[in-house]
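Going by this note's numbering, the sequence shown opens with residue 92, and the numbers climb by one from there.
Each residue gets a CB set at the ideal place from its N, CA and C atoms; glycine is no exception.
Note sheet for the following structure.
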Amino acid sequence: LDLGLSKNFRMPWSENHKLQLRWEVFNVMNAQYFGLDAPQTGITRSTWGLPQDSDIGTASGNFGNIFTTIQGAPRSMQFGLRYEF
92 LDLGLSKNFR
102 MPWSENHKLQ
112 LRWEVFNVMN
122 AQYFGLDAPQ
132 TGITRSTWGL
142 PQDSDIGTAS
152 GNFGNIFTTI
162 QGAPRSMQFG
172 LRYEF
């Protein structure tokens, strides 16, 4: 989830001159995304949804456990100032 806020100001010496203040936040919730590749389970992107135990046709005992997270960007913010003339 990303968020951006801005405020526009008109300059008193000319209507054509504008000043914009910006604040942007990326990954507002600081969420972690869970990965699918887990060497402990034998489940990878190519085997997802397929039976992992050929004897009984079901997944291994680690099925449903999350062992990895996808490295995402941490929450970050930036400020900006824009002058139009």
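Give every residue of the same chain whose Cβ lies closer than 6 Å to the Cβ of residue i, excluding the five residues on either side of it in the sequence, and list them in chain order.
i: residue 171; result: 113
i: residue 95; result: 115
i: residue 98; result: 112
Pull up the distance between the alpha-carbon of residue i and that of residue j, whole angstroms please.
i: residue 107; j: residue 173; result: 13 Å
i: residue 123; j: residue 169; result: 21 Å
i: residue 92; j: residue 120; result: 7 Å
i: residue 111; j: residue 102; result: 10 Å
i: residue 176; j: residue 166; result: 33 Å
Closer than 8 Å by C-beta to residue i: which residues in its own chain qualify, once you throw out the five before and the five after it? Chain order, please.
i: residue 164; result: 117, 118
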